Amino acid sequence: MLCFYIAAPPTTTTTTSTSTTTTTTTAALKSCFLNQITYSTDSGPYSVTVVDVNNDSKPDIVVPNEYSATVGVLLNKGNGTFLNQTTYPTGSWPCTLAVVDMNSDNKPDIVVPNYWSYNIGVLLNTGNGTFLPQTTYSTGTNPTSVAVADMNGDNKPDIVYSNYNSDGVGVLLNKGNGTFLNQTTYPTGSESYSVVVVDVNGDNKPDIIVANYDLNNVGVLLNKGNGTFLNQITYPTGTNPDSVAVVDMNSDNKPDIVVANGGSNNVGVFLNKGNGTFLNQITYSTGTSPNSVAVVDVNGDNKSDIVVANRHSNNVGVFLNKGNGTFLNQTTYSTDSGPGSLTVVDVNGDNKPDIVVANRDSNNVGVLFNC
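Here our numbering = 1-based position in the sequence shown + 620.
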C-alpha cells in the first residue's frame with residue numbers, strides 16, 4: 621500500500637511463542653522459519669532496514685515510523701534479540717529509508733524521504749549508533765522510496781528517490797562532504813513508487829528501476845555514464861506494482877526484475893535478455909496485497925528465492941527457486957497485522973538469512989528466525 625494508507629489503531633506488542641513451522645516441498649526444496657518474535661515501534665512502521673549502525677558487527681533494525689514522524693533504531697544484543705528502540709525526529713510521514721555512509725567517515729547514516737514535507741532527511745551517525753538531527757534537501761511532491769549509490773562515478777554516494785505525486789524520480793548528487801546539489805528530475809509517468817538502483821545492462825553504470833504504481837508498469841532508466849539518464853523504457857506489470865527488486869534469478873549473471881503487484885495479488889519476474897531489456901513477466905500467486913518483495917537464497921541451495929509481505933493476509937510468503945528462475949508455490953508464515961515491508965538478513969549469526977518484517981498496523985517489527 622501507499623504512504624497515505626490509514627493504519628489501524630495502535631496495539632500492545634507481545635512476544636510470540638517459538639514453535640516451528642516447516643513445509644517440505646521436495647527433499648532439496650524446503651524452507652523453515654520459526655514463529656515471529658516482535659519488538660514495539662512507534663506508530664505506523666512503514667518499512668524496515670537491517671544494518672550494523674554501531675560497528676559491533678551485529679546487524680541492527682532501523683524503521684521509519686510513519687504516523688509518529690520518527691525513525692526508530694533497535695540495537696542488536698548479539699544473539700538476534702534487540703534492545704528497545706531509540707527514536708529520532710524526521711519530517712512528516714517518513715515512508716522508507718536507506719542506511720549508508722554518506723560522508724565517508726565509515727559510519728552508516730540514515731537517509732529518509734519525508735512524504736508530506738517534500739524533502740529528504742539525512743541523519744548523520746555520531747559513531748556509536750546514535751544520530752544527529754536531520755539535514756533536509758528539497759524534493760518533488762511526496763517522495764516515497766529511496767536508494768543510495770554512486771551514480772556519476774566520483775566515488776561519492778548519491779541519493780535517488782521516487783516523487784510519488786510529481787510523476788518522476790529525483791537524483792541528488794553528493795558534493796563530496798555528505799551534502800547534496802539540488803535535485804535533477806526524470807519523468808516516469810503516474811505515481812512512481814518503489815525505486816532501486818542496479819546496473820542492468822553490464823556497462824558498470826548503475827541504472828534506475830522504478831515501479832510506476834498507477835500506470836501498472838516498471839520503468840528502466842539507463843545511466844548515460846555521468847549520472848544523467850535516458851528516458852525510461854517501460855514493461856507492463858500486474859495491477860499497482862508496489863515494490864521492486866533487481867537480482868539474478870536464473871544464474872545467467874544478468875540481473876532480473878521482480879515486482880510485487882499489490883492489486884493483482886502476485887509477483888512478476890522479468891528475465892533479463894542480456895542487454896538491459898527484459899522478457900514479459902511470469903507471475904506467481906501471492907496472498908492478498910503483496911506490498912514488499914525481497915530476493916535472497918533462504919535455503920542454502922545457491923538459488924535466489926522470493927520473499928513477499930502479504931499485507932492483508934497477515935503473513936509472509938516464500939517462493940523457492942527451482943533453479944532455472946521459476947518458482948514453487950509460496951509457503952506462508954504468520955505475522956502480526958498489516959505486514960507492509962520486509963528484509964531478509966542473518967540477524968543472529970548462524971549464517972542463515974532471517975526475515976524481519978514491519979507490521980504496520982500492529983506497531984511492531986517481527987523477526988522470524990530461519991531454522
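Here a beta-carbon is modelled for each residue, glycine too, at the ideal position from N, C-alpha and C. These figures come from a predicted structure and were not determined experimentally.
Open item on the list: If you reduce the DSSP assignment to three classes, tell me which class proline 973 lands in.
Closed with: In the sequence shown, residue 973 corresponds to position 353, counting from 1. In the structure shown, proline 973 sits in coil (DSSP, three-state: anything other than H, G, I, E or B).
Open item on the list: Could you compute how far the alpha carbon of valine 879 sits from the alpha carbon of asparagine 919?
Closed with: Position 259 of the sequence shown, counted from the start, is the residue given in the question as residue 879. Position 299 of the sequence shown, counted from the start, is the residue given in the question as residue 919. So the alpha carbons of these two residues sit roughly 21 Å apart.
Task: Option nearest leucine 841 by Cα separation, candidates Leu695, Val815 and Lys923 - done: Numbered from its first residue, the sequence shown carries residue 841 at position 221. When only C-alpha atoms are compared, the closest one is Val815.
Task: Cβ neighbours of leucine 850 in the same chain (closer than 7 Å, five flanking residues each side left out) - done: Locating residue 850 in the sequence shown gives position 230, where the first residue counts as 1. Within the same chain, leucine 850 has close Cβ partners Leu841, Leu842 and Lys844.
Open item on the list: Rounded to whole angstroms, what is the Cα-Cα separation between serine 663 and glycine 894?
Closed with: Taking the sequence shown and counting its residues from 1, one reaches residue 663 at position 43. Taking the sequence shown and counting its residues from 1, one reaches residue 894 at position 274. Those two C-alpha atoms are separated by around 43 Å.
Task: Three-state secondary structure (DSSP) of threonine 633 - done: For this step, residue 633 is matched to residue 13 along the sequence shown. In this predicted model, threonine 633 has a pLDDT of only 35, less than 50, meaning its place in the structure is not dependable; the value taken from the coordinates is given anyway. Residue state, collapsed to three classes: coil.
Open item on the list: Restricting to Cα atoms, I'd like to know which of Gly700, Gly760 and Thr706 is closest to glycine 692.
Closed with: Along the sequence shown, one-based indexing puts residue 692 at 72. The alpha carbon of glycine 692 has as its nearest neighbour, out of Gly700, Gly760 and Thr706, the alpha carbon of Thr706.
Task: Meets three-Cβ-pair contact criterion under 8 Å: the segment 647 to 656 and the segment 664 to 673 - done: No, they do not touch.
TODO: Determine the closest residue to aspartate 562 out of Thr857, Tyr687, Asn696 and Ile779, with distance taken between C-alpha atoms.
DONE: Given a span of 621 to 991 for the chain in the structure shown, any question on residue 562 remains unanswerable.
Task: Residues that DSSP places opposite threonine 756 in a beta bridge - done: Position 136 of the sequence shown, counted from the first residue, corresponds to residue 756. Threonine 756 is bridged to Gly741.
Task: Any non-hydrogen atom of the ligand ZN within 8 Å of threonine 897 CB - done: Among the components of this structure there are no ligands whatsoever, and the ligand ZN is therefore not found.
Open item on the list: At the level of alpha carbons, what is the spacing between threonine 854 and aspartate 676?
Closed with: Translated into the one-based positions of the sequence shown, residue 854 becomes position 234. Translated into the one-based positions of the sequence shown, residue 676 becomes position 56. If you take the alpha carbons of threonine 854 and aspartate 676, they lie about 42 Å apart.
Open item on the list: Taking 8 Å as the cut-off, does the segment 782 to 798 touch the segment 828 to 842 (at least 3 CB pairs, one atom from each stretch)?
Closed with: The segment 828 to 842 is in contact with the segment 782 to 798.
- [ ] Would you kindly work out how many angstroms separate the C-alpha atoms of valine 887 and threonine 906, rounded to a whole number?
- [x] To locate residue 887, count along the sequence shown from 1; it is residue 267. To locate residue 906, count along the sequence shown from 1; it is residue 286. Their Cα atoms are separated by approximately 7 Å.
- [ ] Kindly list the residues whose CB is nearer than 7 Å to the CB of valine 818, restricted to its own chain and excluding five residues on each side of it in sequence; keep chain order.
- [x] Translated into the one-based positions of the sequence shown, residue 818 becomes position 198. Counting only Cβ-Cβ distances below 7 Å, and skipping sequence neighbours, we find Pro826, Asp827, Ile829, Val866 and Pro875.
TODO: Using three-state DSSP, classify aspartate 729 as helix, strand or coil.
DONE: As a first step, residue 729 must be located in the sequence shown, where it is residue number 109. Of the three classes helix, strand and coil, the one that applies to aspartate 729 here is strand, per DSSP.
TODO: Would you decide whether threonine 859 is buried or exposed? Buried here means 16 or more other CB atoms lie within 10 Å of its CB.
DONE: Locating residue 859 in the sequence shown gives position 239, where the first residue counts as 1. Exposed is the label assigned to threonine 859, since fewer than 16 other Cβ atoms lie within 10 Å of its Cβ.
TODO: With a 10 Å radius around its C-beta and 16 neighbouring C-beta atoms as the bar for buried, classify serine 930 as buried or exposed.
DONE: Looking up residue 930 in the sequence shown gives position 310. This sequence places asparagine at residue 930; serine is not what is there. Buried, since its Cβ has 16 or more Cβ neighbours within 10 Å.
Open item on the list: Runs of 3 residues minimum, wholly inside the segment 874 to 940: which ones carry the beta strand (DSSP E) assignment?
Closed with: As for any beta strand (DSSP E) of minimum length 3 sitting wholly inside the segment 874 to 940, the runs are 876 to 881, 886 to 890, 902 to 905, 910 to 916, 925 to 930 and 935 to 939, ordered along the chain.
Task: serine 765 versus glycine 822 - alpha carbon distance - done: For the purposes of this step, residue 765 is identified with residue 145 of the sequence shown, where counting begins at 1. For the purposes of this step, residue 822 is identified with residue 202 of the sequence shown, where counting begins at 1. Our two residues, serine 765 and glycine 822, have alpha carbons roughly 24 Å apart in a direct line.
TODO: Express the C-alpha separation of asparagine 949 and valine 889 in angstroms, rounding to a whole number.
DONE: Taking the first residue of the sequence shown as 1, we reach residue 889 at position 269. Taking the first residue of the sequence shown as 1, we reach residue 949 at position 329. Each residue's Cα considered, the two are about 14 Å apart.
- [ ] Could you check which residue in Asp974, Leu744 and Lys727 has the C-alpha nearest to that of asparagine 699?
- [x] As a working mapping, residue 699 is identified with position 79 in the sequence shown. Of Asp974, Leu744 and Lys727, the residue nearest in Cα terms is Asp974.
Open item on the list: Out of Tyr784, Glu686, Asn739 and Ser884, which one is the CA nearest neighbour of tryptophan 713?
Closed with: The residue labelled residue 713 in the question sits at position 93 within the sequence shown. Across the set Tyr784, Glu686, Asn739 and Ser884, the C-alpha of Glu686 shows the shortest separation from the C-alpha of tryptophan 713.
TODO: With DSSP collapsed to three states, give me the class of valine 766.
DONE: Walking along the sequence shown from the start, residue 766 turns up at place 146. In the structure shown, valine 766 sits in a strand (DSSP, three-state: E or B).
Task: Per DSSP, cross-strand counterpart(s) of alanine 831 - done: Locating residue 831 in the sequence shown gives position 211, where the first residue counts as 1. Paired residue(s): Val838.
Task: Rounded straight-line distance, which links the Cα of serine 758 to that of glycine 809 - done: On the sequence shown, position 189 is the one that residue 809 refers to. On the sequence shown, position 138 is the one that residue 758 refers to. Each residue's alpha carbon lies about 20 Å from the other.
Task: Top-ranked residue by Cα proximity to asparagine 772, from Thr897, Thr848 and Leu835 - done: Here residue 772 is taken as the residue at index 152 of the sequence shown, counted from 1. Comparing Cα positions, the closest option is Thr848.
Open item on the list: Taking the alpha-carbon of serine 786 as reference, which of Val731, Trp736, Thr750 and Thr756 has the nearest alpha-carbon?
Closed with: Walking along the sequence shown from the start, residue 786 turns up at place 166. Here the closest residue by C-alpha is Trp736.
Open item on the list: In this structure, how does DSSP classify tyrosine 687 when only helix, strand and coil are distinguished?
Closed with: To locate residue 687, count along the sequence shown from 1; it is residue 67. In this structure, DSSP gives tyrosine 687 a state outside helix and strand, which the three-state scheme calls coil.
- [ ] Starting from the C-beta of glutamine 852, find all residues in its chain whose C-beta is less than 7 Å away, skip the five residues before and the five after it, and write them out in chain order.
- [x] Position 232 of the sequence shown holds residue 852. Excluding positions up to five away in sequence, the list reads Thr808, Gly839, Val840 and Leu841.
Task: Exposed unless 16 or more other CB atoms sit within 10 angstroms - verdict on glycine 741 - done: Start at 1 with the first residue of the sequence shown, and residue 741 comes out as number 121. It counts as buried.
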